[in-house]
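Undergrad: One structure coming up, written as structure tokens, with questions to follow.
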Amino acid sequence: MHQLTLAEIARGLADKKFSSEELTKTLLARIAQLDPQLNSFITLTEDLALEQAKAADARRANGESGALLGAPIAHKDLFCTLGVRTSCASKMLDNFKAPYDATVVAKLAAAGAVSLGKTNMDEFAMGSANESSYYGAVKNPWNLDHVPGGSSGGSAAAVAARLLPAATGTDTGGSIRQPAALTNLTGLKPTYGRVSRWGMIAYASSLDQAGPLARTAEDCAILLQGMAGFDPQDSTSIDEPVPDFSANLNGSLKGLRIGVPKEFFSEGLDTRIAELIHNSIKELEKLGAVIKPISLPNMQHAIPAYYVIAPAEASSNLSRFDGVRFGHRCENPKDLTDLYKRSRAEGFGPEVQRRILVGAYALSAGYYDAYYLQAQKIRRLIKNDFMAAFNEVDIILGPTTPNPAWKIGAKNSDPVSAYLEDVYTITANLAGLPGLSMPAGFVDGLPVGVQLLAPYFQEGRLLNVAHQYQLNTDWHTRSPAGF
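Heads up: the sequence shown runs through residues 1 to 483, numbered per UniProt numbering.
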């Protein structure tokens, strides 16, 4: 049963080939057996999962149906979950049990999804490798010596290793798409505002967006259907109708205009990845798509702009973790200043501290105009580049990452080299656009992803293209040895 996709599970449950309780027990046993190799989970919720599975079976017995009713998933450990530890992979929140459900958690639970637990991640979602977690690095199931990508690396590793069919993630600068690429999954970052951020512990509020990680575009459509929708509790949620994301998966690609930016194939891209991306382009051409060269001239400024804006917002968001109200508190503080200093120094890891310092510096009185304001202007130029491009093409295609997964620890002494792995993904977050990564082949036995970007609220278009591509390729069907 562990090889079944979300769509296959929905059909199996509807046909009474197995029950949600049987499936849940099978996957929980598999997690207990295999996850010690991967470290993809922080918290398992066996009792809750079995309770939800029995409830889903009862709902089906009473005539209810639904693609997610009884389907096992897991949540990245920054979605608040009532009565369950929500740690953000940080010592700061190691003892925090959320007093409410995040909107995403509540919506998926209402749809009947069964939550098996909370997955590992980079601390406070800050990282591209899932190495900054307080609970240790997550391993890539394709090669246990390599990173799975981050920050949603726990979700990606668990799905890639067939511990469960799908999981939630969040994407601030590529944190769904990049781990999807490095673990042979399909990952979707929706339009900013499409999915509620209420109850999702914030890293950078103007960039964070929740989305699905699964093996196929069809499964991502199912999970996104359950997650998306307007939420009056979230001031950044957009009141836009949610289409049936599965309805147009089989639409023809004939005449679809695909833009290929020349900047995506410049220095820094592994030539073997470039070849696989060109192979994907040829495959889409066979399906009737029309390829058009385009330019995104301000892409070169994306990395510096992102690494000013994101840490600036992080320094503000993380100021609430002060040792007073919740989270880690140092022992025997001498006074209030000592409480603040030691609680934060003990509770936050090195990468989080680095980004808080960078952000506080960028927002300080003498440097706000020179750094933060300039970065916001660049953000607008990047958005304008995309708007101009989408007047000429329907989607934009390129690599998801410049390199395949690197060895654990290889970039620890040079954080900037890890930041550069986000070069192709962060522009979508800066502009608020939807983006998808899908499997495109392998380099040295490690997966490679191709990225698709679309205009605002055109997630259905991305899913359609990815699904048609997956009907004509088999990269997404391959699983790591031993799992």
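For every residue, glycine included, the Cβ atom is placed at its ideal position computed from N, Cα and C.
Hey, L430 and A302: beta-carbon distance below 8 Å or not?
TA: Within the sequence shown, the letter at position 430 stands for residue 430. Within the sequence shown, the letter at position 302 stands for residue 302. Cβ atoms of L430 and A302: closer than 8 Å.
Undergrad: Could you tell me whether the Cβ atoms of L287 and V138 are closer together than 8 Å?
TA: Walking along the sequence shown from the start, residue 287 turns up at place 287. Walking along the sequence shown from the start, residue 138 turns up at place 138. Result no, Cβ atoms of L287 and V138 do not sit closer than 8 Å.
Undergrad: Express the C-alpha separation of K189 and Q52 in angstroms, rounding to a whole number.
TA: What you label residue 52 is simply residue 52 of the sequence shown in a count that begins at 1. What you label residue 189 is simply residue 189 of the sequence shown in a count that begins at 1. Rounded to the nearest angstrom, the two C-alpha atoms are 27 Å apart.
Undergrad: Excluding the 5 residues flanking F264 on each side, which residues of the same chain have their C-beta closer than 7 Å to its C-beta?
TA: Sequence index remark: in the sequence shown, residue 264 carries index 264 (1-based). Short of 7 Å from the beta carbon of F264, and not among the five residues preceding or following it, lie these beta carbons of its own chain, in chain order: G398, P399 and Y424.
Undergrad: Can you give me the C-alpha to C-alpha distance between S133 and T271, rounded to a whole angstrom?
TA: On the sequence shown, residue 133 is found 133 positions in, with the first residue counted as 1. On the sequence shown, residue 271 is found 271 positions in, with the first residue counted as 1. Straight-line Cα distance between these residues: approximately 31 Å.
Undergrad: Once you ignore the five residues that flank S479 on each side, which residues in its own chain have a CB closer than 7 Å to its CB?
TA: For the purposes of this step, residue 479 is taken as the residue at position 479 of the sequence shown. Within the same chain, S479 has close Cβ partners R162.
Undergrad: Specify the secondary structure class of G398 as computed by DSSP and reduced to three states.
TA: As a working note, residue 398 is residue 398 in the sequence shown. For G398, the three-state secondary structure derived from DSSP is strand.
Undergrad: Quick one: what does DSSP say G449 is sitting in, helix, strand or coil?
TA: Taking the sequence shown and counting its residues from 1, the one referred to as residue 449 is at position 449. If DSSP states are grouped into helix, strand and coil, G449 belongs with the strands.
Undergrad: By alpha-carbon positions, which one of F321, G199 and L296 ends up nearest to L453?
TA: Here residue 453 is taken as the residue at index 453 of the sequence shown, counted from 1. Answer by Cα proximity: L296.
Undergrad: Does the distance from the CB of T24 to the CB of G117 come in under 8 Å?
TA: For the purposes of this step, residue 24 is taken as the residue at position 24 of the sequence shown. For the purposes of this step, residue 117 is taken as the residue at position 117 of the sequence shown. No, Cβ-Cβ distance for T24 and G117 is not below 8 Å.
Undergrad: Check the C-beta distance from R197 over to D171 and give it rounded, since I have them as a contact under 8 Å.
TA: Your numbering for residue 197 matches position 197 in the sequence shown. Your numbering for residue 171 matches position 171 in the sequence shown. With 8 Å as the limit, R197 and D171 do not qualify as a contact, their Cβ atoms being about 12 Å apart.
Undergrad: Between the Cα of S90 and those of P99, Y100, G441 and K76, spot the shortest distance and give me the residue it belongs to.
TA: What you label residue 90 is simply residue 90 of the sequence shown in a count that begins at 1. Selected option, being the one with the closest Cα: K76.
Undergrad: Tell me the DSSP secondary structure of T24 in three-state form.
TA: Reading the sequence shown from its first residue, position 24 is the one you call residue 24. Here T24 sits in helix by DSSP.
Undergrad: For V352, I'd like the list of residues in its chain whose CB is within less than 6 Å of its CB, leaving aside the five on either flank, ordered along the chain.
TA: Start at 1 with the first residue of the sequence shown, and residue 352 comes out as number 352. E123, F124 and M126.
Undergrad: Closest to V290 by C-alpha separation, out of L318, L276, A388 and V260, would be which residue?
TA: Taking the first residue of the sequence shown as position 1, residue 290 is located at position 290. When only C-alpha atoms are compared, the closest one is V260.
Undergrad: Bridge partners for V195 per DSSP, in chain order?
TA: The residue labelled residue 195 in the question sits at position 195 within the sequence shown. In the DSSP output, where bridge partners are listed per residue, V195 has A228.
Undergrad: Report the option in T103, E218 and G460 whose CA atom is closest to the CA atom of T477.
TA: Taking the sequence shown and counting its residues from 1, the one referred to as residue 477 is at position 477. Checking every option, the nearest Cα to that of T477 belongs to E218.
Undergrad: Measuring only the C-alpha atoms, how far is A389 from I382?
TA: Reading the sequence shown from its first residue, position 389 is the one you call residue 389. Reading the sequence shown from its first residue, position 382 is the one you call residue 382. Each residue's alpha carbon lies about 11 Å from the other.
Undergrad: Any chance you could list the alpha helix (DSSP H) runs of at least 4 consecutive residues sitting entirely within the region 117-195, in chain order?
TA: Whole alpha helix (DSSP H) segments, 4+ residues: 153-160 and 177-183.
Undergrad: Can you check which of these residues, S437, A71, T103 and W406, is closest to E22 by C-alpha distance?
TA: By 1-based counting over the sequence shown, the position of residue 22 is 22. Ranking the options by Cα distance to E22, first place goes to A71.
Undergrad: Taking Cβ positions, are R177 and G187 nearer each other than 8 Å?
TA: Residue mapping note: residue 177 aligns to position 177 of the sequence shown, counting from 1. Residue mapping note: residue 187 aligns to position 187 of the sequence shown, counting from 1. Yes, Cβ-Cβ distance for R177 and G187 is below 8 Å.
Undergrad: Whole beta strand (DSSP E) runs in the region 268-356 with 3 or more residues, listed along the chain?
TA: 290-294
Undergrad: Please report the straight-line C-alpha distance between M438 and S155, rounded to a whole angstrom.
TA: Locating residue 438 in the sequence shown gives position 438, counting from the first residue. Locating residue 155 in the sequence shown gives position 155, counting from the first residue. The C-alpha of M438 lies about 16 Å from the C-alpha of S155.
Undergrad: Once DSSP output is grouped into helix, strand and coil, what is the label at M200?
TA: Start at 1 with the first residue of the sequence shown, and residue 200 comes out as number 200. Residue state, collapsed to three classes: strand.
Undergrad: Under DSSP, the beta strand (DSSP E) around V260 begins and ends at which residues?
TA: The residue you call residue 260 lines up with position 260 of the sequence shown. Its beta strand (DSSP E) spans residues R257 to P261.
Undergrad: Could you give the DSSP three-state label for P434: helix, strand or coil?
TA: Position 434 of the sequence shown, counted from the start, is the residue given in the question as residue 434. Three-state DSSP puts P434 in coil, outside helix and strand.
Undergrad: Given that a residue counts as buried once 16 or more other Cβ atoms are within 10 Å of its Cβ, and exposed if not, what is Q300?
TA: If you number the sequence shown from 1, residue 300 lands on position 300. Its Cβ having fewer than 16 others within 10 Å, Q300 is exposed.
Undergrad: Please work out which residues of its chain come closer than 7 Å, Cβ to Cβ, to A202, disregarding the five sequence neighbours upstream and downstream, and give them in chain order.
TA: Against the sequence shown, residue 202 aligns to sequence position 202. Within the same chain, A202 has close Cβ partners D208 and N317.
Undergrad: For the region 366-378 against the region 241-260, do three or more pairs of beta-carbon atoms, one drawn from each stretch, fall closer than 8 Å, so that the two count as touching?
TA: no
Undergrad: If you drop the 5 nearest sequence neighbours on each side, which residues of the same chain put their C-beta closer than 8 Å to that of I31?
TA: By one-based count along the sequence shown, residue 31 stands at place 31. Here the set comprises F41, L44, L116, G117, A158, L163 and L164.
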